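To start, the structure itself, in C-alpha cells.
Number of protein chains: 2
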Amino acid sequence: MTYRIAVLPGDGIGVEVVPQALRVLEAIASKYGMSFQFTEALIGGAAIDATGHPLPTETLELCQKSDAVFLGAIGGPKWDTLPVHLRPEGAALLPLRKHLGLYANVRPCRAFSALIDASTLKRDVIEGTDLLVMRELTGGLYFGEKKRETIEGGERAVDTLVYTTAEVERIVRLAFEAARKRRGEVCSVDKANVLESSRLWRETTMRIAADYPDVTLTHMYVDNCAMQLVRYPKQFDVIVTENMFGDILTDQASMLAGSLGMLPSASIGGQVALYEPAHGSAPDIAGQNKANPLATILSAAMMLEYSFNQVEAAREIEKAVEAVLNKGYRTGDIMEAGKTLVNTVEMTDRVIEELA
Amino acid sequence: MTYRIAVLPGDGIGVEVVPQALRVLEAIASKYGMSFQFTEALIGGAAIDATGHPLPTETLELCQKSDAVFLGAIGGPKWDTLPVHLRPEGAALLPLRKHLGLYANVRPCRAFSALIDASTLKRDVIEGTDLLVMRELTGGLYFGEKKRETIEGGERAVDTLVYTTAEVERIVRLAFEAARKRRGEVCSVDKANVLESSRLWRETTMRIAADYPDVTLTHMYVDNCAMQLVRYPKQFDVIVTENMFGDILTDQASMLAGSLGMLPSASIGGQVALYEPAHGSAPDIAGQNKANPLATILSAAMMLEYSFNQVEAAREIEKAVEAVLNKGYRTGDIMEAGKTLVNTVEMTDRVIEELA
Ligand SMILES: [Mg+2]
Ligand SMILES: [Mg+2]
C-alpha cells in the first residue's frame, strides 16, 4: 500500500524534526508492506518569505489530494509583527484545518517511565498515566460572533459560545470510537450547571452513548477536571470536551509528562487528517541539531494508526521510542544527570536501530 | 472596636467548623482591642427546612447591616432534587453575593511546609508557593444571555460572554491593591489572542496599571497559566482573571496545597464582605467532629485582615495554624503516618493554645 503524504516542515525546528520522522517511517515501511510518497510544500513563515502568504494555494491543494498531512511547526519572531491576516498561526493552521474539515484535535498524554522524574508531579501520581484529550476545534467561544460597543463610561465587549447538536454529536462519536480501542472509558467535560451549550453537550453525549454500550461514559465539570488532572491523572482514559475547555486542559495535561518535546497530536474528522508535534517552532534552538524529534516521530506513529489503521507499526515505533529512553538517550530538553546527551539526528538513529 | 458579624453556619460540616473559628476569634479579641457581636442566621438547606427558602429575607437583612458575613458551607444530598430556584447554592450564595455587591472572589493558596508531602507535586516545586487568585464573580459567560433554539436536524445552544470596562476596572484595581500588600506582582490572565472580551480586559488592565507604578504587571493566556500552575507555581503572586477562567484556575490551584481543607476564601468588593472556607459541606463526614476546621479558621483571619484591617491579628492566627501543623496535629483529611490524629474541636484547641 502506498500512502501519499503532504509534508509541511514549516518553520524553526520543524525543518529539522520532520525529516527525522520521515526516516523512521521509511525504516519501518517494507516490514509492514507500506510505501510512502512524500511531497513537500511550504507553510507558515517559510511560505510567507517565498510566496507572500502563509498558506499558498498549491499547499492547500496538495493537502486536499493527499492521504495525510504531516506538519512540523509554524511561526517565529520574524513574522510576529505582520498584520493578523498574514500571521503564520492564524492565517495558515486554522484555515488549513478548516479546509480539511478537521474538527477534532487529539492529544494523547502518556507518562514514559524513563521520563517520570522530569515531571513536576510525584512518581506515584504520574506513573501509568495514559490519557487522551479530544478537543472540539471548530466551534465554541473562539469562533462565535464578537463585538465591541461604546457605552456610557467605557466599552462593552461580547463573545459568543455556540454549539449545535451536530457539532457535538460528531466529536463525541470520535471519542467513543477512540475509547473502544483503548480502555473503554469516556469522560465528557462540560460546565452543564451553568452553561446552556454545556447542557446541550451533555444531553447529546448521553444520547450518543446509547450506541456504545461497551464504553463507560462519565461527566465532569471543567473546574473539577482541572483539579483532578493534578490530583489523580490515572483516572482518565479519553477526555472529550469543547474547544476552549480543551485548549486549557490539553495544555495543563501536557505538563504531566514533563516535557512538550514528547507529545504528538492529530487533527481529525475530515477525509485527510493532519499530524504534528504539540510543541512549537522553538526559534531559540532552531538550526542547531538540538531539537527533540520524538514528539514528531510519535506523531508519525499516530498517522499510521489513525489514518492508515497500521496499528502494529504504530505500536512498534512507540516501543522503539520507549526503549531508547530506557537506554538513557536524551536530547537537551529532557536531559538529566547520568544520561547520554544526543542530538536530533542521533536520537533518530537510536530509534531506527530499535526498529531493526 | 466592636465588629458585628453575621454568622451563617449553613449545612453539613459548616455547622461544626464555624463555631470553632468563632472560638479562635474570641481567643484573640482582647489582645488586639477587638470585640465581636456574632448574630447567627439560617442559610442553605437548613433555611429551606425551617422557612421554605434557602436565603430568607431576615438573613439577607442581617448580612446587609453587619460589618462582615461569616459563612460555613451550603447544600447536601437532601436538597439536591429540589427545583433549581430553591437549590441551596444557586438560590442562596449567588443572590447573597449579588445583594452585597461582591464582585471579587479571593483565594490565597499557600503551601504549608508541614503539609507539602500531601501535595501531588514534588516538594521542590511546591515549597514556598504563596499565591492569590482574584476571580471576577458577577460577569462573563455564567451570567450572560443564554438561549436554545431548534434548527434543522437538532438544536443550537448559545451562551454569551460580556464584560464592560467598569467591571474589569474595579476588580483589576482590587488586584493591584492586594499585590501592594504582598510581593507587588499582578499576573492578569486572559485569552486576548482570540476573545474580544479578553482584549478589553487586557487594555483596561494596562491602563489601570499606570496608577500603580510600584506593582509589576504581566499578562498570561489562560491555557499557559493552567500549564504554569503545574510547572512552576512559585512564579505567581496575585493572579487576576475573569469569572470562568478563575473558576477553573482556583480549583486547579487548590490542589497545589494538597487539601481543600486548608483553603480560606473571601468575596469582596461591596460594603460588607463574605468569608468562607473553599471546601463544601462534606455531608459524608458531617456531625462526626471529624472535619478540618483550619480553612474556616484561616477564613476568619482573612476577615480580620480584609474587612477590619487587623493585619497583625490575622498573621498571628495564620502562624498559630502553621505551628500546630508543624507539631504534627492532623485531622483525617490531611493525616499521614507518624502524625497525631485530632478531631475538629481538638484541632481548634491546639490553635487556641498557640495564641496564648
Ligand atoms: Mg492551548
Ligand atoms: Mg470551581
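Which chain is which? The protein sequence lines are A and B, in order. Start counting the first sequence at 1; every next residue gets the next number (the UniProt record's numbering). Start counting the second sequence at 1; every next residue gets the next number (the UniProt record's numbering). Ideal placement from N, C-alpha and C gives every residue a C-beta, glycine not left out. Quick caveat, the model's predicted, so the values are computed rather than measured.
task: Could you confirm whether any beta carbon from chain B is found closer than 7 Å to the beta carbon of Q252 (chain A)?
output: yes
task: Taking only heavy atoms of ligand 1 into account, decide whether any of them is closer than 6 Å to the Cβ of D190 (chain B).
output: no
message: Only counting the same chain, and skipping five residues up and downstream in sequence, which positions put a Cβ closer than 7 Å to that of M1 (chain B)?
response: Sequence-distant Cβ neighbours of M1 (chain B) in its own chain, meaning closer than 7 Å and more than five residues away, are G33, M34.
field: Environment of I126 (chain A) [buried if 16+ CB atoms lie within 10 Å]
entry: buried
- prompt: Going along chain A, which residues have a C-beta under 9 Å from N224 (chain B)?
  reply: D251
query: Within 7 Å (strictly less), CB to CB, does K234 (chain B) reach chain A?
result: no
query: Over what stretch of residues does the beta strand (DSSP E) that includes K147 (chain B) continue unbroken?
result: 146 to 151
query: For S188 (chain A), does the three-state DSSP call read helix, strand or coil?
result: strand
query: What are the partner residues of L274 (chain B), as DSSP defines its beta bridges?
result: According to DSSP, which records beta bridges pairwise, L274 (chain B) is partnered with B:V69, B:S267.
Beta-carbon proximity check, P88 (chain A) vs P54 (chain A), cutoff 7 Å: yes
task: Would you kindly check if the distance between the Cβ of T204 (chain A) and the Cβ of T165 (chain A) is under 7 Å?
output: yes
message: Check this for me: beta carbons of S281 (chain B) and G76 (chain B), under 7 Å apart or not?
response: Yes, they are a contact pair.
message: Considering Cα atoms alone, identify which of A:A209, A:N289, A:V324 is closest to L355 (chain A).
response: A:V324
query: Name the DSSP beta bridge partners of Y329 (chain A), please?
result: A:T340
message: Given the structure, does D159 (chain B) come close to ligand 1, in the sense that its CB is under 6 Å from one of the ligand's heavy atoms?
response: no
message: I'd like to confirm something about D223 (chain B): is its beta-carbon nearer than 6 Å to some heavy atom of ligand 1, or not?
response: yes
message: Counting beta carbon pairs with one atom in the region 150 to 159 of chain B and one in the region 262 to 274 of chain B, are three or more of them shorter than 8 Å?
response: no
- request: With DSSP collapsed to three states, give me the class of H219 (chain A).
  value: In this structure, H219 (chain A) counts as strand in the three-state DSSP scheme.
query: Is DSSP giving N105 (chain A) helix, strand or coil here?
result: strand
task: Would you kindly report the start and end of the unbroken beta strand (DSSP E) that includes G280 (chain B)?
output: That residue, G280 (chain B), is in no beta strand (DSSP E); it is neither H nor E in DSSP.
field: Under 9 Å by beta carbon: chain B residues contacting V158 (chain A)
entry: Per Cβ cutoff of 9 Å: G144, T160, L161, V162, Y163, E196, S197.
field: Y212 (chain A), DSSP secondary structure in three states
entry: DSSP places Y212 (chain A) in coil when its eight states are reduced to three.
- prompt: Closer than 7 Å, CB to CB, is E155 (chain B) near chain A or not?
  reply: yes
- prompt: Among all the DSSP beta bridges, which residues are the ones paired with Y163 (chain B)?
  reply: Note: Y163 (chain B) sits in a beta bridge opposite A:A157.
field: Within 7 Å of chain A by C-beta, residues of the region 111 to 126 of chain B in sequence order
entry: Residues T120, L121, K122, V125.
task: Sort out for me which residues DSSP pairs G10 (chain B) with in a bridge.
output: B:A73
- prompt: Is Q310 (chain A) helix, strand or coil when you go by DSSP?
  reply: DSSP places Q310 (chain A) in coil when its eight states are reduced to three.
- request: Tell me whether D251 (chain B) counts as near ligand 2, meaning its Cβ is closer than 6 Å to at least one heavy atom of that ligand.
  value: yes
- request: Check whether the Cβ of I239 (chain A) lies closer than 7 Å to any Cβ atom in chain B.
  value: no
task: Please say whether M303 (chain A) and A6 (chain A) have beta carbons closer to each other than 7 Å?
output: For the pair A6 (chain A) and M303 (chain A), the CB atoms are not nearer than the 7 Å cut-off.
- request: Determine, using beta carbons only, whether M255 (chain B) comes closer than 7 Å to chain A.
  value: yes
message: Considering only their Cβ atoms, is the gap separating A118 (chain B) from G258 (chain B) smaller than 7 Å?
response: yes
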